[in-house]
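Peer 1: Everything in the sequence shown is counted per full-length UniProt numbering, starting at 1 for the first residue and increasing by one.
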Amino acid sequence: MTITPEQLAAYADGELDEAEARVVEAALGQNVELQAELAAHRALKARLAAHFAPVAEEAVPDHLAALLRAAPPVEVPAVARVEAEVIDFAAARAARKAAQAAQARPARARWPRWAGPALAASLVLAVLGIGLRPSGNEAGGALGAALDRQLAAGQSGSEPVRILISFRDKAGTLCRGYAEGAGSGIACHVGGGWKVIRQFGGAAAEQGQYRQAGSASEQVFAAAQDLAEGEALDEQGERTARAAGWSR
Numbered sequence: 001m002t003i004t005p006e007q008l009a010a011y012a013d014g015e016l017d018e019a020e021a022r023v024v025e026a027a028l029g030q031n032v033e034l035q036a037e038l039a040a041h042r043a044l045k046a047r048l049a050a051h052f053a054p055v056a057e058e059a060v061p062d063h064l065a066a067l068l069r070a071a072p073p074v075e076v077p078a079v080a081r082v083e084a085e086v087i088d089f090a091a092a093r094a095a096r097k098a099a100q101a102a103q104a105r106p107a108r109a110r111w112p113r114w115a116g117p118a119l120a121a122s123l124v125l126a127v128l129g130i131g132l133r134p135s136g137n138e139a140g141g142a143l144g145a146a147l148d149r150q151l152a153a154g155q156s157g158s159e160p161v162r163i164l165i166s167f168r169d170k171a172g173t174l175c176r177g178y179a180e181g182a183g184s185g186i187a188c189h190v191g192g193g194w195k196v197i198r199q200f201g202g203a204a205a206e207q208g209q210y211r212q213a214g215s216a217s218e219q220v221f222a223a224a225q226d227l228a229e230g231e232a233l234d235e236q237g238e239r240t241a242r243a244a245g246w247s248r
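Below is the structure:
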């Protein structure tokens, strides 16, 4: 019996039907490692819920879903001795039904809808423990050009630099989250140029493209949650900020 990362994340988010959920529950009852992965999914979702719950229900775009499907499945032994806390499956099913009912109701998105797919993909992946790298560098070249010109909305996902989110920090400075190759970061517009204030990456390169996509987004959105004042910019907000040269 195998459970894929996508199935486990769907179970954690209450998106599986009753039959599929029971299969996952049976596997969870036999595998402590799988239980730990489920706990990581739920902990990450809880951490981001306050700021990003309105967009967490967005569908994962096709190019990210393909990466998720390509990930190796988790092998579950036929018999395993479980020495972990008992999972209340009845409560899990009740929570799943409540989540499905909530999804049927329209919700007012406080954060832009275009940020949803990237965040949803990040929730699918376990936290990789990628450390914060030294920042403070000026963002030039392809990164600087993307920060100056590129909008988060309407990207294909194949750009060398992907813009994930734009927001104002607590001082009112415009900042943008981005992913580039195996790394990601946040840059703010200071003194007429972009300065990288948060930078992540490195370990993801050894894990393959599947893990890079989710980890980059997860790191950026978690940092943005701490830095942002108010809501993220929507597409029109980005266009207005770009026209003003990203000044305050």
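A virtual CB, placed ideally from N, CA and C, is assigned to each residue, including glycine. Just so you know, these numbers come straight off a predicted model, no measurement behind them.
Taking 8 Å as the threshold (C-beta atoms), are A145 and I163 in contact?
Peer 2: Position 163 of the sequence shown, counted from the first residue, corresponds to residue 163. Position 145 of the sequence shown, counted from the first residue, corresponds to residue 145. The answer is no: Cβ separation not under 8 Å.
Peer 1: Are there three or more Cβ pairs, one per stretch, closer than 8 Å when the segment 159-173 is compared with the segment 225-241?
Peer 2: yes
Peer 1: Give every residue of the same chain whose Cβ lies closer than 8 Å to the Cβ of Q155, excluding the five residues on either side of it in the sequence, and list them in chain order.
Peer 2: Position 155 of the sequence shown holds residue 155. Result list for Q155: R162, I163, in chain order.
Peer 1: Hey, how far is the Cα of H41 from the Cα of I3?
Peer 2: Numbered from its first residue, the sequence shown carries residue 41 at position 41. Numbered from its first residue, the sequence shown carries residue 3 at position 3. Cα to Cα, H41 sits roughly 14 Å from I3.
Peer 1: Please check the pair Q199 and G183, which I expect to be a contact at CB under 8 Å, by giving their CB distance rounded to whole angstroms.
Peer 2: For the purposes of this step, residue 199 is taken as residue 199 along the sequence shown, with counting starting at 1. For the purposes of this step, residue 183 is taken as residue 183 along the sequence shown, with counting starting at 1. At roughly 7 Å, the Cβ-Cβ gap stays under 8 Å, so Q199 and G183 are in contact.
Peer 1: Nearest-angstrom Cα distance between E238 and V32?
Peer 2: Sequence index remark: in the sequence shown, residue 238 carries index 238 (1-based). Sequence index remark: in the sequence shown, residue 32 carries index 32 (1-based). Near 45 Å, if we compare the C-alpha coordinates of V32 and E238.
Peer 1: Name the one or two DSSP bridge partners that W194 has.
Peer 2: Residue numbering aside, residue 194 sits at position 194 when the sequence shown is read from its first letter. Answer is H189, bridged to W194.
Peer 1: Looking at the unbroken alpha helix (DSSP H) that takes in G177, where does it start and where does it end?
Peer 2: Residue 177 sits at position 177 when you count from the first residue of the sequence shown. If you look at G177, you'll find it isn't in any alpha helix (DSSP H); it sits in the beta strand (DSSP E) that goes 174-180.
Peer 1: Use the C-beta contact count for S158: other C-beta atoms within 10 angstroms, 16 or more gives buried, fewer gives exposed.
Peer 2: To locate residue 158, count along the sequence shown from 1; it is residue 158. By the 10 Å Cβ count, S158 comes out exposed.
Peer 1: Would you kindly report the start and end of the unbroken alpha helix (DSSP H) that includes R168?
Peer 2: Indexing the sequence shown from 1 puts residue 168 at position 168. Counting along the chain, R168 sits inside no alpha helix (DSSP H); it lies in the beta strand (DSSP E) bounded by residues 161-168.
Peer 1: From A36 to R242, what distance separates their C-alpha atoms?
Peer 2: For the purposes of this step, residue 36 is taken as residue 36 along the sequence shown, with counting starting at 1. For the purposes of this step, residue 242 is taken as residue 242 along the sequence shown, with counting starting at 1. Roughly 43 Å between the two C-alpha positions.
Peer 1: Pick out whichever of C175, H189, K195, Y11 has its Cα sitting closest to the Cα of N137.
Peer 2: Taking the sequence shown and counting its residues from 1, one reaches residue 137 at position 137. The shortest C-alpha separation from N137 is found at K195.
Peer 1: Does the beta-carbon of D17 have 16 or more other beta-carbons within 10 angstroms, so that it is buried, or is it exposed?
Peer 2: Numbered from 1 along the sequence shown, position 17 holds the residue referred to as residue 17. Under this definition D17 is an exposed residue.
Peer 1: Are the beta-carbon atoms of A187 and L147 separated by less than 8 Å?
Peer 2: Stepping through the sequence shown from its first residue, residue 187 is reached at position 187. Stepping through the sequence shown from its first residue, residue 147 is reached at position 147. Yes, the pair counts as a contact, with Cβ atoms nearer than the cut-off.
Peer 1: Looking at W246: is its Cβ nearer than 8 Å to the Cβ of L174?
Peer 2: Indexing the sequence shown from 1 puts residue 246 at position 246. Indexing the sequence shown from 1 puts residue 174 at position 174. The answer is yes: Cβ separation under 8 Å.
Peer 1: Give me, in chain order, the residues of the same chain whose beta-carbon lies closer than 8 Å to that of L8; leave out the 5 immediate sequence neighbours on both sides.
Peer 2: Walking along the sequence shown from the start, residue 8 turns up at place 8. Hits under 8 Å: V24, L34, E37, L38, H41, V74.
Peer 1: Within the continuous alpha helix (DSSP H) that includes T4, where are the two ends?
Peer 2: Counted from its first residue, the sequence shown places residue 4 at position 4. It is not in any alpha helix (DSSP H) - T4 carries neither H nor E in the DSSP assignment.
Peer 1: With distances taken between CB atoms, is the gap from A12 to K45 smaller than 8 Å?
Peer 2: As a first step, residue 12 is located in the sequence shown; it is residue number 12 there, counting from the start. As a first step, residue 45 is located in the sequence shown; it is residue number 45 there, counting from the start. Going by C-beta atoms, A12 is nearer than 8 Å to K45.
Peer 1: Residue range of the alpha helix (DSSP H) that L147 falls in?
Peer 2: Translated into positions along the sequence shown, residue 147 becomes position 147. Per DSSP, L147 belongs to the alpha helix (DSSP H) from 141-149.
Peer 1: Nearest CA to the CA of G201: which residue from G191, G181, G193?
Peer 2: Within the sequence shown, residue 201 is the residue found at index 201, counting from 1. For G201, the closest alpha carbon among the candidates G191, G181, G193 is that of G181.
Peer 1: Please work out which residues of its chain come closer than 7 Å, Cβ to Cβ, to G140, disregarding the five sequence neighbours upstream and downstream, and give them in chain order.
Peer 2: In the sequence shown, residue 140 corresponds to position 140, counting from 1. Hits under 7 Å: none found.
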